[in-house]
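Structure first, then comments.
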Amino acid sequence: MTEATRLQTPDDLAALRARVVERRSAKKVCVSICAGTGCRAQGSMELLAEFGRQLESAGLDDVELRATGCHGFCERGPLVVIHPRKIFYHSVQMKHVADIIDKTIQHDEVLPALLFRDPKTKQRCEVEGEVPFYAKQQRIVFRHNGIIDPTDIEDYVGADGYVALAKVLAGMTPEQVCDEVEASGLRGRGGGGFPTGKKWQICRNQPGETKYVICNGDEGDPGAFMDRSIMEGDPHAVLEGMTIGAYAIGASKGYLYVRGEYPLAVANLNVAIEQAKTRGLLGDDIFGSGFNFTVEIVRGAGAFVCGEETGLIASIEGDIGTPRQRPPYPAESGLWGKPTNINNVETWTNVPVILERGASWFASIGTEGSKGTKVFSLVGKVNNTGLVEVPMGATLREIVFDIGGGIQKKRKFKAVQTGGPSGGCIPESLLDLPVDFDKLREVGAMMGSGGLIVMDERTCMVDVAKYFLGFLVGESCGRCAPCREGVFQMHRILSRIVEGEGREGDLETLEKLGNYVKASSLCQLGGTAPNPVLSTLRYFRHEYEAHIKEKKCRAGICKELVQFRIDPETCTGCTLCRRDCPTEAITGAKKEPHRIDAAQCIKCGVCYDVCNFGAVEVE
Amino acid sequence: MIKLHIDGQEAEAEEGQTILDAAKGLGIEIPTLCHHRAIPPVGACRVCVVEIRDGGRPGLVPACAYPAQEGLVVETASEAVRESRSMTIQLLLARCPEAEVLRKLAEQWDAPPLTLDAPLDHVEPPKGVPEGAGDRDKCILCGLCVRVCQDIIGPAATAFAGRGIERKVTTPYKLLSDVCIGCGACALVCPTGAIDPAEFCSHSIEKIPNEFNLGFDTRTPIHLPFPQAVPNKPILDRENCIHFRTGGCGACETICPAGAIDLEMEDEIVEEEVGAIIVATGYELLDPSVYEEYGYGRYPDVVTSLEFERLVSASGPTNGELTRPSNGEPPKSIVFLQCIGSREETGPGKPYCSKICCMYTAKHAILYKHKVHDGQAFVFFMDVRAGGKNYEEFVRRVSKEKVATYLRGRVSKIFPHDGKLVVQGADTLSGGQVEIAADMVVLAAAVVPSKGATELAQKLRISYDQHGFLSEAHPKLRPVETNTAGIFLAGACHSAKDIPDSVAQASAAASKALGLVVHDRLTREPTIGIVNELTCNGCFECENVCAYGAISPKDIKDRSGATVAVLANINEGLCQGCGACMVTCRSKSIEVQGYTDNQLFSEINAITR
Ligand SMILES: Cc1cc2nc3c(=O)[nH]c(=O)nc-3n(C[C@H](O)[C@H](O)[C@H](O)COP(=O)(O)OP(=O)(O)OC[C@H]3O[C@@H](n4cnc5c(N)ncnc54)[C@H](O)[C@@H]3O)c2cc1C
Ligand SMILES: Cc1cc2nc3c(=O)[nH]c(=O)nc-3n(C[C@H](O)[C@H](O)[C@H](O)COP(=O)(O)O)c2cc1C
Ligand code: FES
């Protein structure tokens, strides 16, 4: 890094960018290693150190080593990209380091074993873009992730960072900024999908000197990690977005509320804030415009409901993170009673590009009502899991089958659950649904923060509904009666059903309670909590009925409704199951077919899991 | 003014008011549980939901916490509202089946019991608190207690802990609270009676005995002295008020919707000049604990007749249910003892007959049978003195109809045995000893003048007898007047009497007093004292001897207004012309008009001429 001078004018920024670009392109080779949380867990930091050591001992000091943010394909980590050819290696281990240096770096040879092999075409993919997982993605939010070093502001500046801020402060009025964002059609990525520009206007038009902007980085949805990846991998984009937003609404103080479990995000954001301050991009008189803005990080204490905006504000204020009745909305009376604009991490990250490239460019992407892209965290029974960014309107089929590579173990697709714990389950018949805010809501699901859980035929939908409701029972703040009592009672009914105690009328009660909780709850946690039940009742009612009337779980998941049986034809009499059975319910001599005594069987499923011959059957 | 529509009517609200306020203005009632007018709303319980039809985002919102906004179209009892409200009540009932308010609401809003399973475990008590204190099973988690303590009173002794269904009201670390000031505001605002600060306050909270119910129940520092008090307004008892004791609390000021409480206010002494005074200070009962043998004060089931009155009264501590103070069970047998301290020549009692006991004991026997149909009543008496219109008939009915068994004789001893009180006494008519195992004993204690009656009499300069009853001017001719002009007597301050006698005397006293004040001029005795100001030297010996308080000092001023002398002055309305001052005056400066020295000498001269 060059001496950290203050950038006093947009020209200073342009000059710095020119220097960085020149310096970067002069480098012939760069080893870029993913240092996102996923790859770190798989040893990418050790790999980075090893590369450092070996490059040094090989005397290759002109090879640049770069630790980047998350690429999204964490499942195949650690990921290593060798520039300038951008050769994409996955699952790289320590033993590969010498080879990579020797072959790829020194002799420009590709190591086929480390390349991704498309299971369909059996072709090896040399660069990221060829990998089917990436091919259909369009990366706007993730524009820098996996490319720049998040702890170096110069990397960000080199990638056109802070250009938008310079442009805004040099020549746009706050109203123009609001208008531009509104014209882009950007809607909040935190789940509600409220038009961002409009929200800014409302906040801007409130009387009073003191206003705040908040970045919601609580990301409480289990399984979602796009916000974390952005904060870790591109912290300056978040800061730049917030600074622009603060200018637009007239705030001079911002808060970044980061989930407590995200230490790396906090570390990288702190580094970014310090660097931005040194460069004069945060603090007083930014770019000589007279506009002042500072940001403070607040670490969340780990409740899902703290992600709800009013709960989050209470949490910043030092209270228990409990949502309160709106109106007044935060835009009217938020943090410390002052007008407050709160946006999600991904929303803020979209802001700089919109102002840099223009509203009409952004509005050209996506569908009628939902513009731009959305990052999903694709998990479950698909072959490729990870973070995927697609334009709004991409179909579920594209996401699940093209990007996700279809269902694992060649099983049958059953449903995809979107929108986090209080989202809905979408059946196969709706696989061609273009995914956007409104379409998802129409089918009884929601965008939420962008979780996508793929389920196969071995998933029991009643069990799934019960699972999500169980999460929500634990996460309901308990302030309002419908959510606290209603969701609890729904969960109890579901528990009974999966235990084979379902009764006539249970489904009607579930529906009644579900609609009631949705309509009567104080915040949107309760307002959406019944979705998993209502959507599965809508599309998979027959499964519920089978549980209640026939006492059967066709997916073979609900233990109380399942019978385990050993097929005498297939059983080899290896005795493995007999030895592992905790209740000694299995009998049979060695090399003779075994059998299960139904009276003693507690349906723990150990036999099913241990059998190497598929001889244990469930029905 | 904000204009909106509620149930088809036009409503008005001020900035900052809620839909609930606006509806109240129209007289539309919306049920609430977690709302209290003095505490900022949170909209937690959701029974107050109403439906926004137009003018805002359509849907259900809590009326208590939703601001009244221009143009809103609101329905307070639509299908959707009723369904939601009914479900909320059912769910809360599933949690707290014992809560009275919820049961009432369930009836009102057609919320049949749901076949739901209530949460199994309820709130754990703070550490160190005995099980069973308070009624946690009734907590609907509305949060009013937490909010009143935090937002209104200030100490924040309680808070919520836990999330969702595990949420509970508790103290930090479930320890007894040192910051709780025991004000009881939490219990006051709790809609279900689930909270009792005694549960978690680290210092003991003393209950204030309710004087009117003779300590059988307790009251708060702000209280109505008794049900028919005039004026019928509560009073604040400073001695017990937390605000005056600690400087904290002050919740009443915030909570009173009329803004009627002003804690800065001081007591004041009001002076009035009046033309007549009627003394009606009544009587008290002799404290029967002086008689060891009856065990009053030692055995809770031995009570005085006045205490019995409270125990059977519909406005009493048990709402009219007669129960034994010791265990709350209805007394299956009861013994009334008459003449406790009356007609006693020697000993701590009084020589006179208290006059009212025979009649009220007969009444008590009837009241008792009214409450405990299968109960047995006994009366020990000396003589039955039922002089008065229909009195004898009344008592005879009581004994004839076996309402009570009348036993002529005295009781020698009462002692507890096996959960009962054994009453040992003589039945002089059968000539034997009786022993009755009673659940309760009622002592008809003697009527005595009320405390302070003699001090009052001295202040008013009226006379009283050896017992402290106030004396009338003449037993036959002036029975309601005192010797002091303008002061009259009414009721039991004069002697033991019942209500008819008291009312008769009071009516007479009132008309006498009115007779004084209706005239423009006062008729007075012609023969009153006059002071010769030329010779009076202001020694005020006369003031000391005047039985009627008619003499007071008077300033004599010169032309410039400076006081040159202080001399005796006689109030013409009060002076009875008794002449005590005249004979006391050493300078012979007071004479009685009509009997001055000059007049007497003239008379003598005329006779002897
Ligand atoms: C157990 C019991 C049952 C009875 N039942 C009956 C019955 O059934 N029928 C019946 O006719 N009679 C009954 N009596 C009698 C009845 O109570 C009296 O006749 C009646 O109360 C007398 O009325 P009073 O106004 O003279 O005195 P009280 O009722 O004693 O009233 C005197 C009032 O003056 C107030 N006072 C005292 N001193 C002062 C002061 N210095 N300044 C200002 N205020 C003062 C006192 O607080 C009190 O409120 C019963 C009595 C008893 C004990
Ligand atoms: C129960 C609940 C949890 C939420 N969690 C989050 C979260 O983790 N992150 C987030 O950005 N928004 C979350 N939200 C949405 C926020 O309330 C709010 O709408 C959002 O932060 C606004 O930003 P946006 O307009 O950019 O979407 C949550 C909402 C609810 C009801
Ligand atoms: S009274 Fe309005 S929500 Fe409880």
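Chains U and X, in that order, are what the protein sequence lines are.
Under our numbering, the first residue of the first sequence carries the number 801, and numbering increases by one thereafter.
Under our numbering, the first residue of the second sequence carries the number 289, and numbering increases by one thereafter.
All C-beta atoms, glycine included, are put in the ideal place defined by N, C-alpha and C.
- Under DSSP, the beta-bridge partners assigned to X/ASP342 are X/VAL361.
- Here U/THR996 is near U/GLY988, since their CB atoms are less than 8 Å apart.
- Set against 7 Å, the gap from the CB of X/PRO355 to the closest heavy atom of ligand 3 is not smaller.
- Inclusion of U/GLY1180 and U/ILE1253 in the CB contact set at 8 Å is warranted, their separation being smaller than that value.
- Boundaries of the alpha helix (DSSP H) harbouring X/ILE787: 787-805, taken from the DSSP string.
- Relative to the Cα of U/ILE1049, the nearest Cα in the group U/CYS925, U/ALA867, U/ARG1004 and U/GLU1009 belongs to U/ARG1004.
- Residue contact with chain X for U/SER1133: absent (no Cβ-Cβ distance below 8 Å to any residue of chain X).
- Under the three-state reduction of DSSP, U/GLY1017 is assigned to strand.
- Straight across, the Cα-Cα distance linking U/TYR1344 with U/GLY1405 is about 22 Å.
- In this structure, DSSP gives X/CYS627 an extended state, which the three-state scheme calls strand.
- Positions of the beta strand (DSSP E) runs, each at least 3 residues long and wholly inside the region 835-875 of chain X, are given as 839-845 and 851-858 in order along the chain.
- Here X/ALA797 is buried: its Cβ has 16 or more other Cβ atoms, across all protein chains shown, within 10 Å.
- Collapsing the DSSP output to three states places U/PHE1213 in a strand.
- If you look at U/SER832, you'll find it in the beta strand (DSSP E) that goes 830-834.
- Only residues of its own chain outside the window of five on either side were considered, and among them VAL600 have a CB closer than 6 Å to the CB of X/LEU655, listed in chain order.
- When DSSP states are grouped into helix, strand and coil, U/MET1192 belongs to the coil group.
- In this structure, the beta-carbon distance from X/CYS834 to X/CYS869 falls below 8 Å.
- Pairwise C-beta distances place the region 575-587 of chain X out of contact with the region 738-749 of chain X, as fewer than three of them are shorter than 8 Å.
- DSSP, reduced to helix, strand and coil, places X/GLN297 within a strand of the structure shown.
- With a threshold of 7 Å, the Cβ atom of X/PRO788 counts as near ligand 1, since some heavy atom of the ligand is closer than that.
- For U/LYS1318, the distance from the CB to the nearest heavy atom of ligand 2 is not below 7 Å.
- Taking 8 Å as the cut-off, the Cβ atoms of U/ILE1044 and U/PRO1139 do not count as close.
- For the 8 Å CB-CB criterion, X/ARG334 and U/SER1222 do not form a contact.
- Counting along the chain, U/GLY1274 sits inside the alpha helix (DSSP H) bounded by residues 1261-1275.
- Cβ proximity to chain X below 8 Å picks out nothing from the region 1326-1357 of chain U.
- With contacts defined as CB atoms closer than 8 Å, X/PRO497 and X/GLY503 qualify as a contacting pair.
- Put simply, the CB of X/ILE453 is near chain U, with a gap under 8 Å to one of its CB atoms.
- Its Cα nearest to that of X/GLU760, the residue X/ILE566 stands out among X/ASP589, X/ILE566 and X/VAL389.
- Within a 10 Å sphere around the beta-carbon of X/ASN886 sit fewer than 16 other beta-carbons, which makes this residue exposed.
- By the criterion of a C-beta distance shorter than 8 Å, X/ALA546 is surrounded by no residue of its chain, once the five residues flanking it on both sides are discounted.
- One thing to note: U/GLU1146 has its Cβ within 8 Å of the Cβ of U/MET1026.
- Annotation for X/PRO704: no alpha helix (DSSP H) segment contains it, though the beta strand (DSSP E) segment containing it runs 699-705.
- Take X/CYS824, set aside five residues on each side of it, and the residues of its chain with a beta-carbon closer than 6 Å to its own are LEU855, ALA856 and SER877, in chain order.
- Below 8 Å, enough C-beta pairs join the region 1250-1267 of chain U and the region 1353-1362 of chain U to call them touching: three or more.
- Collapsing the DSSP output to three states places X/TYR640 in coil.
- According to the DSSP assignment, U/LYS1312 belongs to no beta strand (DSSP E) but to the alpha helix (DSSP H) extending over 1306-1320.
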